[in-house]
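J.: The sequence shown begins at 21 in the working numbering and counts up by one. Using N, Cα and C, we set each Cβ at its ideal position, and we do this for glycine too. Keep in mind the model is a prediction, meaning the values are calculated, not measured. Let me give you the structure first, and then I'll get to my questions.
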Amino acid sequence: MHAALESIYERVLSRNPGEVEFHQAVREVLDSIGPAVDKHPEYADARIVERICEPERQIIFRVPWEDDQGGIHINRGFRVEFNSALGPFKGGLRFHPSVLLGTVKFLGFEQVFKNALTGLPIGGGKGGSDFDPRGRSDREVMRFCQSFMLELYRHIGEHTDVPAGDMGVGGRELGYLFGQYKRITNRYESGVLTGKGLSYGGAQVRREATGYGCSFFVEEMLRARGESFEGKDVVVSGSGNVALYTIEKVHQLGGRVVACSDSGGFVHDPKGLDLDLLKDIKEVRRERIAEYTEQRGDATFVPDRSVWEVPCQVALPSATQNELDEDDAAALVRGGCIAVGEGANMPTTSAAVRVLQEAGVSFAPGKAANAGGVAASALEMQQNASRDSWSFEHSENRLREIMVDIHARCHDVAEEYGSPGNYVAGANIAGYSRVAEAMLALGLV
Ligand code: NDP
Numbered sequence: 021m022h023a024a025l026e027s028i029y030e031r032v033l034s035r036n037p038g039e040v041e042f043h044q045a046v047r048e049v050l051d052s053i054g055p056a057v058d059k060h061p062e063y064a065d066a067r068i069v070e071r072i073c074e075p076e077r078q079i080i081f082r083v084p085w086e087d088d089q090g091g092i093h094i095n096r097g098f099r100v101e102f103n104s105a106l107g108p109f110k111g112g113l114r115f116h117p118s119v120l121l122g123t124v125k126f127l128g129f130e131q132v133f134k135n136a137l138t139g140l141p142i143g144g145g146k147g148g149s150d151f152d153p154r155g156r157s158d159r160e161v162m163r164f165c166q167s168f169m170l171e172l173y174r175h176i177g178e179h180t181d182v183p184a185g186d187m188g189v190g191g192r193e194l195g196y197l198f199g200q201y202k203r204i205t206n207r208y209e210s211g212v213l214t215g216k217g218l219s220y221g222g223a224q225v226r227r228e229a230t231g232y233g234c235s236f237f238v239e240e241m242l243r244a245r246g247e248s249f250e251g252k253d254v255v256v257s258g259s260g261n262v263a264l265y266t267i268e269k270v271h272q273l274g275g276r277v278v279a280c281s282d283s284g285g286f287v288h289d290p291k292g293l294d295l296d297l298l299k300d301i302k303e304v305r306r307e308r309i310a311e312y313t314e315q316r317g318d319a320t321f322v323p324d325r326s327v328w329e330v331p332c333q334v335a336l337p338s339a340t341q342n343e344l345d346e347d348d349a350a351a352l353v354r355g356g357c358i359a360v361g362e363g364a365n366m367p368t369t370s371a372a373v374r375v376l377q378e379a380g381v382s383f384a385p386g387k388a389a390n391a392g393g394v395a396a397s398a399l400e401m402q403q404n405a406s407r408d409s410w411s412f413e414h415s416e417n418r419l420r421e422i423m424v425d426i427h428a429r430c431h432d433v434a435e436e437y438g439s440p441g442n443y444v445a446g447a448n449i450a451g452y453s454r455v456a457e458a459m460l461a462l463g464l465v
């Protein structure tokens, strides 16, 4: 790490004790922006890096709700409004039992750079709750979402803070959240949330955008080394929103996805995963991935093991943070992997990133590769503001252009700053530079 950034990092550690994921996310950025700090001493004078590491506002609140049997539950809600130099705070809500303040801060911090990379006018934020929607009835989920919004509504708005979905928050949850916001405020403010259903102000391709976008980015990354998806075996972790639409697009681009997973284990189908069956299990029936083998005789379900033991040429981690460690990375290299693209946020540990890069594997960090979701959200905001609605084809083309552009920026900036082929450096320096320039222009606010 650049000497001038070490004391900043030490201060982040001491002021945010125990928030290990937040520390990891900050460290990853500070480790790579040294050359930009040297090039722009005016940013250091304005203490831009210190300011970027401190959220503008952090909101924590109680969320009481009642289950179907009349039992009372108390969860904790969070919204971390990290940085609004480029536009309103923008970033998803995560409902998962593992959510702590440090989780939301790591995600919010990443979001600032990711949103900057899209080139669109959006700041960064993130939110969520330790509520677990798995196994809950629709009515329980609705009561939770209504209670959550009863506090969140005070802090959000189309020009202030615009949440979306993330793990555990999909179309069903966003519908309940939007319905409650509309009821409390008596305003049909479509631009306050993104990822909405198509029947009430949502946009084409938002649901597919993170997975499609990641596939487009990796396609570009493969092209840069003279390769393509054509004929390649691909492994995708997870089987949620990002994973399903990554599998869909990889198949369309000529790859064959042979394995995916959930927190119970992984499914291996050497002939290529049957996406219709997967969607039926995960989106319609909301069941476990193990069900897949009931209907596909050739496939196997392997419980409690890492999906990264399946040999592939391209790996797309799309489940959760730190799901791919050093040993997994070594297994991927041994199995002939040439490219890894992060559909999830920070799924690869720092040690695993080093193993991959040293072995010559092209590595796309999440803040670049999974930016398609937030980019499509910004397009949804644009359509809401102009009371317009674009076709699927037009929306997908815009998404593709944005991802090709992000790839080019990361690639070129990495080269400009002396780290050719290092997309981590390219993404961090490009994102940081855009935010820093805006912060400098806005003065000490
Ligand atoms: P979903 O809730 O739709 O799906 C998450 C999937 O990951 C589920 O299949 C879940 O399985 C699985 N999973 C969770 N923990 C583990 C684990 N420890 N090991 C294996 N599988 C696991 O979430 P999303 O698809 O929306 O999000 C996935 C990732 O992508 C997250 O990191 C999110 O932050 C990131 N992301 C999402 C965006 C979006 O638009 N949705 C945008 C950008 C990034 P189970 O059901 O067993 O928990």
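If Phe236 and Met423 are in contact, beta carbons under 8 Å, what's the gap, nearest whole angstrom?
T.: Residue mapping note: residue 236 aligns to position 216 of the sequence shown, counting from 1. Residue mapping note: residue 423 aligns to position 403 of the sequence shown, counting from 1. Yes, Phe236 and Met423 are in contact; Cβ-Cβ is about 4 Å, under 8 Å.
J.: Exposed or buried, what is Lys125 when buried is set at 16 or more other beta-carbons lying within 10 Å of its beta-carbon?
T.: Start at 1 with the first residue of the sequence shown, and residue 125 comes out as number 105. It counts as buried.
J.: On the CB-based measure, 16 or more other CB atoms within 10 Å of its CB, does Lys252 come out buried or exposed?
T.: The sequence position of residue 252 within the sequence shown is 232, counting from 1. When all chains shown are included, Lys252 counts as buried.
J.: By alpha-carbon positions, which one of Lys302, Pro141, Arg96, Gly107 ends up nearest to Pro117?
T.: Counting from one through the sequence shown, the residue named residue 117 turns up at place 97. Closest by alpha carbon: Arg96.
J.: Short of 7 Å in beta carbon distance, which residues of its chain neighbour Arg76, apart from the five on each side in sequence? Order them along the chain.
T.: The residue given as residue 76 occupies position 56 in the sequence shown. Looking at the sequence shown, residue 76 is not Arg but Glu. Same-chain partners within the cutoff: Glu101, Phe102, Asn103, Ser104.
J.: In this structure, does DSSP put Asp289 in helix, strand or coil?
T.: Position 269 of the sequence shown holds residue 289. Asp289: coil per DSSP, three-state reduction.
J.: First and last residue of the beta strand (DSSP E) that includes Lys466?
T.: Here the chain has residues from 21 to 465 only, and residue 466 is not among them.
J.: Taking the alpha-carbon positions, what's the His431 to Asn442 distance?
T.: Looking up residue 431 in the sequence shown gives position 411. Looking up residue 442 in the sequence shown gives position 422. Distance between the alpha carbons of His431 and Asn442 is about 7 Å.
J.: What separation, rounded to the nearest whole angstrom, lies between the Cα atoms of Ala319 and Tyr208?
T.: The residue given as residue 319 occupies position 299 in the sequence shown. The residue given as residue 208 occupies position 188 in the sequence shown. For Ala319 and Tyr208, the distance between alpha carbons rounds to 47 Å.
J.: Does the beta-carbon distance from Val360 to Thr368 come in below 8 Å?
T.: The sequence position of residue 360 within the sequence shown is 340, counting from 1. The sequence position of residue 368 within the sequence shown is 348, counting from 1. Cβ distance < 8 Å, so Val360 and Thr368 count as in contact.
J.: CA-CA distance, Asp51 and Ala371?
T.: Residue mapping note: residue 51 aligns to position 31 of the sequence shown, counting from 1. Residue mapping note: residue 371 aligns to position 351 of the sequence shown, counting from 1. Looking at the two C-alpha atoms, the distance is approximately 13 Å.
J.: Can you tell me which residues form a DSSP beta bridge with Asn390?
T.: Position 370 of the sequence shown, counted from the start, is the residue given in the question as residue 390. Answer by DSSP bridge pairing: none, since Asn390 is not bridged.
J.: Does any heavy atom of the ligand NDP sit closer than 7 Å to the C-beta of Glu70?
T.: Stepping through the sequence shown from its first residue, residue 70 is reached at position 50. Not so, every heavy atom of the ligand NDP lies at least 7 Å from the Cβ.
J.: For Pro183, does the count of other Cβ atoms within 10 angstroms reach 16, so buried, or fall short, so exposed?
T.: Mapped onto the sequence shown, residue 183 falls at position 163. Buried, since its Cβ has 16 or more Cβ neighbours within 10 Å.
J.: Pull up the CB-CB distance for Ile28 and Val69, whole angstroms please, since I reckon it's below 8 Å.
T.: Stepping through the sequence shown from its first residue, residue 28 is reached at position 8. Stepping through the sequence shown from its first residue, residue 69 is reached at position 49. Contact holds; Cβ gap of about 5 Å.
J.: Verify whether the separation of the beta carbon atoms of Phe129 and Ser149 is less than 8 Å.
T.: Here the question's residue 129 lines up with position 109 in the sequence shown. Here the question's residue 149 lines up with position 129 in the sequence shown. No, these two residues do not count as a Cβ contact at 8 Å.
J.: Anyone know if the C-beta pair for Leu121 and Phe98 falls short of 8 Å?
T.: The residue labelled residue 121 in the question sits at position 101 within the sequence shown. The residue labelled residue 98 in the question sits at position 78 within the sequence shown. Yes; because the gap between Cβ atoms is below 8 Å, this pair is in contact.
J.: Taking its Cβ as the centre, do 16 or more other Cβ atoms sit within 10 Å of Leu113, making it buried, or is it exposed?
T.: Locating residue 113 in the sequence shown gives position 93, where the first residue counts as 1. With 16 or more Cβ atoms within 10 Å of its Cβ, Leu113 is classed as buried.
J.: Among residues of its own chain, excluding the 5 on either side of Ile449, which ones have a beta-carbon nearer than 6 Å to its beta-carbon?
T.: Position 429 of the sequence shown, counted from the start, is the residue given in the question as residue 449. Cβ neighbours of Ile449 beyond the five flanking positions: Ile53, Ala56, Val433, Tyr437.
J.: Looking only at C-alpha atoms, which of Met187, Tyr201, Ala388 sits nearest to Arg174?
T.: As a position in the sequence shown, residue 174 is number 154, starting the count at 1. Among Met187, Tyr201, Ala388, the Cα nearest to that of Arg174 belongs to Tyr201.
J.: Is Val32 close to the ligand NDP? I mean its beta-carbon at under 7 Å from any heavy atom of the ligand.
T.: Numbered from its first residue, the sequence shown carries residue 32 at position 12. False, no ligand heavy atom lies under 7 Å from that Cβ.
J.: Does the Cβ of Val262 lie closer than 7 Å to at least one heavy atom of the ligand NDP?
T.: As a working mapping, residue 262 is identified with position 242 in the sequence shown. The answer is yes for Val262.
J.: From Ile176 to Cys165, what does the alpha carbon distance come to, in whole angstroms?
T.: Translated into the one-based positions of the sequence shown, residue 176 becomes position 156. Translated into the one-based positions of the sequence shown, residue 165 becomes position 145. Between Ile176 and Cys165, the C-alpha separation is close to 15 Å.
J.: Can you name, in chain order, every residue of its own chain whose Cβ lies under 8 Å from the Cβ of Gly285, other than the five neighbours on each side?
T.: Position 265 of the sequence shown holds residue 285. Here the set comprises Ile309, Ala310, Phe321, Val322, Pro323, Asp324, Arg325.
J.: Could you tell me whether the Cβ atoms of Gly233 and Glu250 are closer together than 8 Å?
T.: Within the sequence shown, the letter at position 213 stands for residue 233. Within the sequence shown, the letter at position 230 stands for residue 250. Not closer than 8 Å, so no.
J.: Could you say which of Leu194, Asp289, Gln377 lies nearest to Cys332 if we only look at CA atoms?
T.: What you label residue 332 is simply residue 312 of the sequence shown in a count that begins at 1. Checking every option, the nearest Cα to that of Cys332 belongs to Asp289.
J.: Following the continuous beta strand (DSSP E) through Ser149, name the residue where it begins and the one where it ends.
T.: For this step, residue 149 is matched to residue 129 along the sequence shown. 144-149 is the extent of the beta strand (DSSP E) around Ser149.
J.: Report the three-state DSSP secondary structure of Thr313 (helix, strand or coil).
T.: Reading the sequence shown from its first residue, position 293 is the one you call residue 313. Helix at Thr313.
J.: How big is the Cα-Cα spacing for Glu26 and Ser439?
T.: Along the sequence shown, one-based indexing puts residue 26 at 6. Along the sequence shown, one-based indexing puts residue 439 at 419. Whole-angstrom Cα-Cα distance: 21 Å.
J.: Cα separation between Ala335 and Val255?
T.: Sequence index remark: in the sequence shown, residue 335 carries index 315 (1-based). Sequence index remark: in the sequence shown, residue 255 carries index 235 (1-based). Using only the alpha carbons, I get a separation of about 5 Å.
J.: How about Gln341: is its Cβ closer than 7 Å to a heavy atom in the ligand NDP?
T.: The residue you call residue 341 lines up with position 321 of the sequence shown. Yes - the ligand NDP has a heavy atom lying nearer than 7 Å to the Cβ of Gln341.
J.: Could you please give the first and the last residue of the uninterrupted alpha helix (DSSP H) stretch that includes Thr205?
T.: Counted from its first residue, the sequence shown places residue 205 at position 185. Taken as a continuous stretch (DSSP letters only), the alpha helix (DSSP H) holding Thr205 covers 191-205.
J.: Would you mind sorting Lys269 into buried or exposed? The rule is 16 or more other CB atoms within 10 Å of its CB.
T.: Position 249 of the sequence shown, counted from the start, is the residue given in the question as residue 269. Result: buried.
J.: Within the present structure, is the beta-carbon of Met401 separated from the nearest heavy atom of the ligand NDP by less than 7 Å?
T.: As a first step, residue 401 must be located in the sequence shown, where it is residue number 381. Met401: no, Cβ never under 7 Å from the ligand NDP.
J.: Which class does Ala136 belong to by DSSP, given the choice of helix, strand or coil?
T.: One-based indexing of the sequence shown puts residue 136 at position 116. Helix at Ala136.
J.: When you compare each of Val327, Leu462, Asp88, Leu298 to Glu314 by their alpha carbons, which one comes out closest?
T.: By 1-based counting over the sequence shown, the position of residue 314 is 294. Closest by alpha carbon: Leu298.
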